[in-house]
Amino acid sequence: MAAPPSLSARAVPDGVELAAEGAWTVVHARSLDTLVDKAARETPPDRPLTIALHHITALDTYGAWLIERLVRARRDASGGTRLDGLPERYQSLYDEIRETEHDPASAPERRSSLAAHVEALGQGTVRFGQQLLAFTAMLGAIFASLGRALADPRSFRFTSTVHHLDRVCWQAVPIMMLITFLIGAIIAQQGFFHFRKFGADAYVVDMVGILVLREIGVLIVAIMIAGRSGSAYTAELGSMKMREEIDALRTMGRDPMDVLILPRIVALVIALPILTFLGAMSALYGGGLVAWAYGGMSPDIYIERLREAVSFTHFQVGMIKAPFMALVIGAVACTQGLAVKGSAESLGLETTASVVKSIFLVIVLDGLFAVFFASVDM
Amino acid sequence: MSGDPIIDVRDLVVGFGARTVLNGVSFDVQRGEIFGFVGGSGSGKSVLLRTIIGLIPRRAGTIEVLGTRLDQASDEQRQGVERRWGVLFQQGALFSSLTALQNVQFPMREYLDLPQRLMDEMAAAKLDMVGFRRADHHKMPSELSGGMTKRVALARALALDPDLVFLDEPTSGLDPISAGDFDTLIRTLQRTLGLTVFMITHDLESLHTIADRVGALADGRVVATGSIADMLASDHPWVSTYFRGRRASALTSRLANSEP
Chain A
259 MAAPPSLSAR AVPDGVELAA EGAWTVVHAR SLDTLVDKAA RETPPDRPLT
309 IALHHITALD TYGAWLIERL VRARRDASGG TRLDGLPERY QSLYDEIRET
359 EHDPASAPER RSSLAAHVEA LGQGTVRFGQ QLLAFTAMLG AIFASLGRAL
409 ADPRSFRFTS TVHHLDRVCW QAVPIMMLIT FLIGAIIAQQ GFFHFRKFGA
459 DAYVVDMVGI LVLREIGVLI VAIMIAGRSG SAYTAELGSM KMREEIDALR
509 TMGRDPMDVL ILPRIVALVI ALPILTFLGA MSALYGGGLV AWAYGGMSPD
559 IYIERLREAV SFTHFQVGMI KAPFMALVIG AVACTQGLAV KGSAESLGLE
609 TTASVVKSIF LVIVLDGLFA VFFASVDM
Chain B
255 MSGDPIIDVR DLVVGFGART VLNGVSFDVQ RGEIFGFVGG SGSGKSVLLR
305 TIIGLIPRRA GTIEVLGTRL DQASDEQRQG VERRWGVLFQ QGALFSSLTA
355 LQNVQFPMRE YLDLPQRLMD EMAAAKLDMV GFRRADHHKM PSELSGGMTK
405 RVALARALAL DPDLVFLDEP TSGLDPISAG DFDTLIRTLQ RTLGLTVFMI
455 THDLESLHTI ADRVGALADG RVVATGSIAD MLASDHPWVS TYFRGRRASA
505 LTSRLANSEP
């Protein structure tokens, strides 16, 4: 690399001369910055300054700007500033730099912290309202689209629905069954471990049966689907939005609600009850295996106890909840997907929001259903 | 300073699976020139560019950039070379989570240890050089038009005062006036900053106005290199169709008429 730059001052009869030497380039920008600032502070403003550039070995935009910065710093100096001996080959570069604007636009203003917090709170509230509105609008649009599809069944995207059903249902079966199997097994194991102290082993089956069929089965599956398929929906629709595919669809006279969203929602509403059923069976099977291996309860007795403990109502309660949860997950995922703006960051934010919101709403919905079923004695 | 190639590519072979895209490509780019590369769609121009800058692995051949054999270089040497080149991607490839100003400052922040004031000044200067409005400094890439995106991307490519810039279709997607401005801009910057420019383009007008030398890529190899005049004289079928086709002749006659 070229010689490091230097800037040495010496007194000459008619003022001060600063001799610049070495490579005034980007590599040395840090030390040049210090040199130039020091020179600007130390040269007396009332005496003429000559900057001698004869011995500069290399110059680029960084070096040129730093020289220019020194000149500008002395703009008000009564002594005046003069450049001397700038090598010919750097003249046009220097002229270009002298003409360019160097002040970045000031960053958008930040308000004082208290005002900013109050404002953020207000904006948050407004945003919450807007999101609620967007979600409600999405639900309405889904039903409107469903209405159109029912009125004219041939307009319904059957192939697309089957494709999505394959992705969210069929391909999800192994992982859903594995997870619910493990959950069933864990509940049974914990049950035996703690109930044994009271000699209440037999009631473990009641607990496993009721819990799995009413609550855990559907809840675990819904949460898994929100993470697995809801996020995929948001990311897909979001990147379609980013690449203007959704706008293209609209200009061709096709409503994205009918083409993209309804098939996805229908697939999800069909998939979730199926997965819930399979998940519940898998969990009961897992519980049964643990009861046999850990609790010393033979499969015959397990099934006998299960038959006494659970009624068809428990199964119904779990299954009724599933399609509603699917609708909520799908509507949230699609709302967030369409809310994506141009940047990769916003895609990430909306996907996160989609998963968090749909899990939250699934749990809220579960609570509401609990109140509802209690009041109708189910 | 001839005989000092900035890029020297010899017998380069690149392929994907069973398909060979580049089959024995050789050319060199001299210091301080604007070298334009042309080729039909799908002829492997972008693959060539991406191979030179190291995004696609090569099968055979040598690539030497700024005096360093990139195929044999250690990571450290590679970084040394990467610091001295700038790349303008076709779609700009601005970081979407940073503002225009921050995008230009990114290479400075990564490679240099500079005071914030100097980075602000230099980034503003680079943006001004490429004709980017000051009022848009704090806009996010998603809020910028195509032409403005390219300008910011060029400013970012020039952030560290590189010796060499790679431009992938710099004028594609710009209207003819903006494209013309962009050509002039590249020419001016090249002259003032002493850049070497390696440019891939489809734009005959760009080639006519700013390229010092042109290389033509067809059938996986370089079929002609030289000035525009050499291209016009070439008897390779693809080159003659490209440079003497209907669109080309309209342009050539227009340029000939407009010359003083």
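Sequence order for the protein chains is A and B.
If you count by my numbering, then the first sequence holds residues 259 to 636, one letter each, in order.
If you count by my numbering, then the second sequence holds residues 255 to 514, one letter each, in order.
All C-beta atoms in this analysis are idealised placements derived from N, C-alpha and C, irrespective of residue type, glycine included.
Relative to the Cα of A:G544, the nearest Cα in the group A:R563, A:S289, A:M435 and A:S336 belongs to A:M435.
Rounded to the nearest angstrom, the gap between the Cα atoms of A:R385 and B:E459 is 50 Å.
Identification of residues in the segment 308-323 of chain A having a C-beta nearer than 7 Å to some C-beta of chain B yields D318, T319, Y320 and W323, given in sequence order.
Within the segment 382-393 of chain B, D382, M383, R388, A389, H391 and H392 place their CB atoms closer than 7 Å to a CB of chain A, listed in sequence order. A:L530 is not a Cβ neighbour of A:A589, given a cutoff of 9 Å. Here the segment 280-290 of chain B lies against the segment 449-468 of chain B, with 3 or more beta-carbon pairs under 8 Å apart. Taking the Cα of A:I483 as reference, the smallest distance to any Cα among A:A261, A:V614, A:A322 and A:S266 is reached at A:V614.
A:F401 and A:P411 have their C-alpha atoms spaced approximately 14 Å apart.
Taken in chain order, the members of the segment 353-383 of chain A whose beta-carbon sits within less than 9 Å of a beta-carbon on chain B are D353, E354, I355, E357, T358, E359, H360, D361, P362, A363, S364, A365 and P366. By the C-beta criterion, the segment 296-310 of chain B is judged not to be in contact with the segment 624-636 of chain A, since fewer than 3 inter-stretch pairs fall below 8 Å. The beta-carbon of B:K404 is placed no less than 9 Å from the nearest beta-carbon of chain A.
A straight-line Cα-Cα distance of about 24 Å links A:F439 and A:A490. Judged by DSSP secondary structure, B:A478 falls within the beta strand (DSSP E) whose first and last residues are R475 to G480.
Burial state of A:Q388 is exposed, judged by a 10 Å Cβ sphere holding fewer than 16 other Cβ atoms.
Per DSSP, A:W282 is one residue of the beta strand (DSSP E) stretching across G273 to W282. For A:D558, no CB of chain B lies under 9 Å from its own CB, so it is not counted at the interface with that chain. Residues M362 of the same chain have their beta carbon placed closer than 7 Å to that of B:L368, with the five preceding and five following residues left out of the count.
Under the DSSP assignment, A:F573 falls in the alpha helix (DSSP H) whose first and last residues are F570 to L596. One alpha carbon belongs to B:T316, the other to B:D262, and they sit about 8 Å apart. Along the segment 405-432 of chain B, the positions whose C-beta sits under 7 Å from a C-beta of chain A are L414 and D415, read in chain order. For B:G321, no CB of chain A lies under 9 Å from its own CB, so it is not counted at the interface with that chain. B:F452 has B:F289 and B:F420 as its beta-bridge partners, per DSSP. With contacts defined by Cβ atoms closer than 9 Å, A:T315 and A:E279 form a contacting pair. In terms of Cα proximity to A:A281, the closest of A:P263, A:L626 and A:A443 is A:P263.
Contact residues of the segment 351-377 of chain B toward chain A are S351, L355, L366, D367, L368, P369, L372, D374, E375, M376 and A377 (C-beta to C-beta distance below 7 Å).
Using a Cβ-Cβ cut-off of 9 Å, A:G600 counts as an interface residue toward chain B, since at least one Cβ of chain B sits closer than that to its own. Within chain A, the residues whose beta carbon sits less than 9 Å from that of B:S396 are M500, K599, G600, S601 and S604, listed in sequence order. Going by DSSP, B:F270 is part of the beta strand (DSSP E) stretching over P259 to F270.
Assigned with DSSP and collapsed to three states, B:G499 falls in coil, not helix or strand. R445, T446, L447 and G448: these are the residues of the segment 445-462 of chain B whose beta carbon lies less than 9 Å from some beta carbon of chain A, given in chain order.
For B:R264 and B:V279, the gap between their C-alpha atoms comes out near 6 Å. Listed along chain B is no residue with a C-beta nearer than 7 Å to that of A:V329; the closest approach is about 14 Å. Straight-line spacing of the CA atoms in A:I617 and B:F360 works out to 37 Å. In the displayed model, A:R305 falls within coil according to three-state DSSP, outside both helix and strand. Taking a beta-carbon distance threshold of 9 Å, A:T492 does not count as an interface residue toward chain B.
Around the C-beta of A:K499, 16 or more other C-beta atoms lie within 10 Å, and the residue is accordingly described as buried.
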